[in-house]
Amino acid sequence: MSVYTHLFDHAPPRSWDQFEELCADTFQEEWQDPALVRHGRAGQAQHGVDIVGRAGAIWPIGIQCKKKSAWPVKEVTIAELDDEVEKAKEFRPALKAYYLVTTSPDDQPLQEHARLITERHETQGLFTVAVIGWAELVRRATRHHPVAAKHFGSHSTGPASPLLATWRSSAGKLLLNDRELRIAIREVIHDLIDFPAGRIVVRQQETENLLLSIKEHQSTESLDDREATLELRDKLKIERDREAAAVAGLRLLLGDKDLRDYVRVVWEDESALLIRSFVEQALYPYLRDVTGLEKMRIFPPEAGDDEGIALYISASEFSSIFRHHAELRRKFPDLKTDNISELPTSVKFIYAIPEVVRTIVHNINEGVSLEQMKRRRWLDMHKWRTSF
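In my numbering, each residue carries its 1-based index in the sequence shown increased by 8.
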């Protein structure tokens with residue numbers, strides 16, 4: 009099989025972020041390094057390093073991910089490799105090894121140049137250099153079933169579960185502008201139709217920082233460092249639980265047939281506002297501090313008056329509800345306004361519907377099936393009542 013056939017058997021990921029995720033997963037399995045971490049984020053100085061890991065006693069190892077066009081095929085040049093190696097010399101602590109991984113075909117002259125750099129570096133006490141092309145990366149990735157199943161669904165013995173999207177955040181804020189988010193939402197909806205078991209990843213910068221700190225503390229075996237590592241792992245579990253809650257809600261909103269039709273059609277103009285609000289509140293619950301806020305309640309269809317869910321909003325938003333309802337009754341005297349559908353846009357999509365989704369996810373985690381809630385009309389958003 010030629011390199012080019014291999015390239016098109018397993019096409020590179022659509023986005024740079026997904027390619028970096030593939031590289032991270034592959035080398036985490038290759039090196040059996042649970043603390044391997046993606047390094048930094050867009051806009052930060054990364055010194056030519058996207059991923060930091062350990063292979064046995066060799067640490068730190070830096071990996072640079074270079075996504076190139078698959079057609080027409082674009083290759084990493086020797087000049088690019090030289091530039092990236094120079095950047096990597098500024099990484100601290102000093103690297104022991106450096107990998108440039110690319111979606112370009114494996115290239116003998118480039119690999120030979122990497123070996124010559126390594127030979128020169130050995131005399132200077134610097135890191136080794138290696139270049140891994142797309143075919144070699146695919147070979148390594150598909151040796152590991154979890155990686156193959158995640159990124160190349162055809163290798164899975166169960167339902168195809170490729171990585172569909174990786175959404176990144178920092179300080180509880182998604183690192184996508186509204187246009188990027190609207191496009192990403194539509195892509196995930198279509199992708200989940202094609203691959204219902206496909207994966208969505210929500211990754212926080214805070215999680216990656218914790219992983220890197222854990223790695224540094226694990227370099228020694230002192231009791232102080234072991235204790236510090238445990239404290240960091242406690243924090244890491246909290247952040248990962250929040251990421252899992254965000255993903256569960258996204259899969260519900262974008263994967264369930266009933267809800268995705270709301271997002272795709274009924275709420276199309278507000279889809280970015282809704283998804284951003286839900287994810288950011290899941291990742292950063294301090295955004296829901298109730299101090300000084302006004303209370304309202306929402307009720308599932310067929311629920312009694314004692315089954316309401318409390319929401320807390322600002323006084324100005326609370327007032328906006330009554331102004332909005334008064335305007336609606338002026339235009340439509342017979343309209344019933346005691347439901348979620350008739351809330352102002354900001355209250356509906358920033359507070360009410362995200363809370364409904366959180367409640368549904370919580371119930372699923374508590375053993376209530378989605379089908380049970382559907383029978384009770386919980387996914388009929390216009391059936392939820394409001395009370396003030």
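Don't be surprised by glycine CBs; every beta carbon is placed ideally from N, CA and C.
query: Which partner residues of Y106 appear in the DSSP bridge assignment?; result: G70, V137
query: Spatial neighbours of L220 within its chain, please: C-beta separation below 7 Å, excluding the five flanking residues on both sides.; result: V45, V60
query: Which one of S327, D33, A236 has the shortest CA to CA distance from K303?; result: S327
query: On the DSSP letters alone, give me the boundaries of the alpha helix (DSSP H) that T8 sits inside.; result: This structure gives no information on residue 8, because the portion of the chain shown stretches from 9 to 396.
query: So, at 7 Å on beta carbons, what are the nonlocal neighbours of S10 in its own chain, with the 5 sequence-adjacent residues on each side left out?; result: The predicted position of S10 is uncertain, since its pLDDT is 35 and thus under 50; a value taken from the coordinates is nonetheless stated next. So no residue of the chain qualifies.
query: Residue range of the beta strand (DSSP E) that R176 falls in?; result: 171-178
query: Helix or strand or just coil, what does DSSP make of L301?; result: coil
query: Indicate, with yes or no, if the ligand SAM has a heavy atom lying under 7 Å from the CB of L258.; result: Looking for the ligand SAM in the displayed structure turns up nothing, as the structure carries no ligands at all.
query: Secondary structure at L244, three-state DSSP: helix, strand or coil?; result: helix
query: Report the partner residues of F307 according to the DSSP bridge assignment.; result: R393
query: Is it right to say I201 is buried, meaning 16 or more other beta carbons lie within 10 angstroms of its own, or is it exposed?; result: exposed
query: My output table needs one value for Q212: the three-state DSSP class, helix, strand or coil.; result: strand
query: Starting from V60 and walking both ways along the beta strand (DSSP E), at which residues does that stretch end?; result: 59-63
query: Between L387 and D266, which are expected to be in contact by the criterion C-beta below 8 Å, what is the C-beta distance as a whole number of angstroms?; result: 5 Å
query: In the segment 82-129, which residue ranges form an unbroken beta strand (DSSP E) of at least 3 residues, counting only runs that do not cross its ends?; result: 105-110
query: CA-CA distance, L231 and D91?; result: 42 Å
query: Expressed to the nearest angstrom, what Euclidean distance is found between the alpha-carbon atoms of Y270 and L260?; result: 12 Å
query: Which residue or residues does DSSP assign as beta-bridge partners of Y320?; result: K303
query: Rounding to the nearest angstrom, what Cα-Cα distance links I358 and E94 in this structure?; result: 46 Å
query: Please report how far the alpha carbon of T64 lies from the alpha carbon of I372, in whole angstroms.; result: Here residue 64 is Gly; the residue named in the question, Thr, does not match the sequence. Going from the Cα of G64 to the Cα of I372 covers about 41 Å.
query: Return helix, strand or coil for N347, following the three-state DSSP convention.; result: strand
query: Can you find the residues in the same chain that come closer than 6 Å, C-beta to C-beta, to A280, ignoring five residues on each side of it along the sequence?; result: D186, L189, R190
query: Does K223 pass the burial test, meaning 16 or more other C-beta atoms within 10 Å, or should it be called exposed?; result: buried
query: Using the Cα positions of A311 and P362, report the straight-line distance between them to the nearest angstrom.; result: 19 Å
query: From which residue to which residue does the alpha helix (DSSP H) around S285 run?; result: 279-291
query: From this set, P68, A87, I329, A156, which residue's C-alpha is nearest D33's C-alpha?; result: A156
query: Using three-state DSSP, classify V45 as helix, strand or coil.; result: strand
query: DSSP three-state call for L184: helix, strand or coil?; result: coil
query: When you compare only the Cα positions, how much space is there between R331 and K344?; result: 15 Å
query: Since V210 contacts A254 with CB under 8 Å, what's their CB separation in whole angstroms?; result: 4 Å
query: Identify the continuous alpha helix (DSSP H) that holds V369 and give its terminal residues.; result: 361-373
query: Which of helix, strand or coil does DSSP assign to R207?; result: strand
query: For the alpha helix (DSSP H) holding H159, just list the boundary residues, first then last.; result: 153-159
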